[in-house]
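K.L.:
Heads up: the sequence shown begins at 5 in this note's numbering, then just goes up one per residue.
Backbone N, C-alpha and C define an ideal beta-carbon position, used for all residues, glycine too.
Got a structure for you, written out below as structure tokens; questions coming shortly.
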Amino acid sequence: MTDQELVKRAFEMHRFSYVPYSHFPVGAALLTGDGRVFTGCNVENAAYGSTVCAERTALLKAVSEGCREGWTAIAIAGQGADFCWPCGACRQMLYEFAPDLRVLAARGDGQYAEARLSELLPHGFGPRSLE
Ligand code: THU
Numbered sequence: 005m006t007d008q009e010l011v012k013r014a015f016e017m018h019r020f021s022y023v024p025y026s027h028f029p030v031g032a033a034l035l036t037g038d039g040r041v042f043t044g045c046n047v048e049n050a051a052y053g054s055t056v057c058a059e060r061t062a063l064l065k066a067v068s069e070g071c072r073e074g075w076t077a078i079a080i081a082g083q084g085a086d087f088c089w090p091c092g093a094c095r096q097m098l099y100e101f102a103p104d105l106r107v108l109a110a111r112g113d114g115q116y117a118e119a120r121l122s123e124l125l126p127h128g129f130g131p132r133s134l135e
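What follows is the structure, encoded as structure tokens:
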């Protein structure tokens, strides 16, 4: 699975996004070490704060299917002019399982930028912080 293919998988999830409030679909695709891809979309709620982002949908699908190790990359696809970097809550959730994850943030024209989660969340609080 190339980075470009992973980004494409993220874009394909726009069709499932439930976005009656923001009208801003986001898709995500999480690649694991054994080549599996867990996808997600954003799911909004009339109580706005209960909205779940695309990345967390993908993360929860992976963990709830028993896959919580070996994650190599996540692609996040927005439709705006800016790259769709993960929000703070998603950075924190991802950090728990893959602190050095490769993050591919795509924008509406299909271009994407790459960073490590450890760059996006420096000095993060994770499981080891509790030891
Ligand atoms: N959103 C995501 O799904 N992921 C992000 O990284 C940024 C924001 C969603 C939440 C909400 O449904 C919409 O985008 C606008 O904030």
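Going along the chain, which unbroken runs of the alpha helix (DSSP H) with 4 or more residues stay wholly within the stretch 71 to 107?
P.N.:
The qualifying runs are 92 to 101.
K.L.:
For Cys94 and Leu64, I'd like the C-alpha separation in whole angstroms.
P.N.:
For the purposes of this step, residue 94 is taken as the residue at position 90 of the sequence shown. For the purposes of this step, residue 64 is taken as the residue at position 60 of the sequence shown. Each residue's alpha carbon lies about 11 angstroms from the other.
K.L.:
Sort Gly114, Arg120, Phe129 by Cα distance to Phe15 and report the nearest one.
P.N.:
In the sequence shown, the residue the question calls residue 15 occupies position 11. Of the listed residues, the one whose Cα sits closest to Phe15 is Gly114.
K.L.:
Using the Cα positions of His38 and Cys71, report the straight-line distance between them to the nearest angstrom.
P.N.:
In the sequence shown, residue 38 corresponds to position 34, counting from 1. In the sequence shown, residue 71 corresponds to position 67, counting from 1. The displayed chain sequence assigns Asp, not His, to residue 38. Their backbone Cα atoms lie some 10 angstroms apart in a straight line.
K.L.:
CB Cys91 to CB Arg111, shorter than 8 angstroms?
P.N.:
What you label residue 91 is simply residue 87 of the sequence shown in a count that begins at 1. What you label residue 111 is simply residue 107 of the sequence shown in a count that begins at 1. Not closer than 8 angstroms, so no.
K.L.:
Between which two residues does the beta strand (DSSP E) containing Ala119 stretch?
P.N.:
On the sequence shown, position 115 is the one that residue 119 refers to. Counting along the chain, the beta strand (DSSP E) containing Ala119 begins and ends at 116 to 120.
K.L.:
Could you pull the DSSP bridge partners for Cys45 from this structure?
P.N.:
By one-based count along the sequence shown, residue 45 stands at place 41. The partner list for Cys45 (beta bridge, DSSP) reads Gly31.
K.L.:
For Gly53 and Tyr25, I'd like the C-alpha separation in whole angstroms.
P.N.:
Walking along the sequence shown from the start, residue 53 turns up at place 49. Walking along the sequence shown from the start, residue 25 turns up at place 21. Approximately 12 angstroms between the Cα atoms of the pair.
K.L.:
Looking at Ile80 and ligand 1, is the gap between the Cβ and the nearest heavy atom below 7 angstroms?
P.N.:
Locating residue 80 in the sequence shown gives position 76, where the first residue counts as 1. The answer is yes for Ile80.
K.L.:
So what's Tyr52 in DSSP terms, helix, strand or just coil?
P.N.:
Counting from 1 along the sequence shown, the entry for residue 52 is found at position 48. In the structure shown, Tyr52 sits in a helix (DSSP, three-state: H, G or I).
K.L.:
Check each candidate in Thr36, Thr6, Met5, Val47 and name the one with the smallest Cα separation from Met17.
P.N.:
Against the sequence shown, residue 17 aligns to sequence position 13. Selected option, being the one with the closest Cα: Val47.
K.L.:
State the DSSP-derived secondary structure class of Thr61, mapped to helix, strand or coil.
P.N.:
As a working note, residue 61 is residue 57 in the sequence shown. Looking at Thr61 - three-state DSSP - the assignment turns out to be helix.
K.L.:
Who are the Cβ neighbours of Pro103 in its own chain at under 7 angstroms, not counting the five residues just before and after it?
P.N.:
Sequence index remark: in the sequence shown, residue 103 carries index 99 (1-based). Closer than 7 angstroms at Cβ, skipping near neighbours: Leu121, Ser122, Gly128, Gly130.
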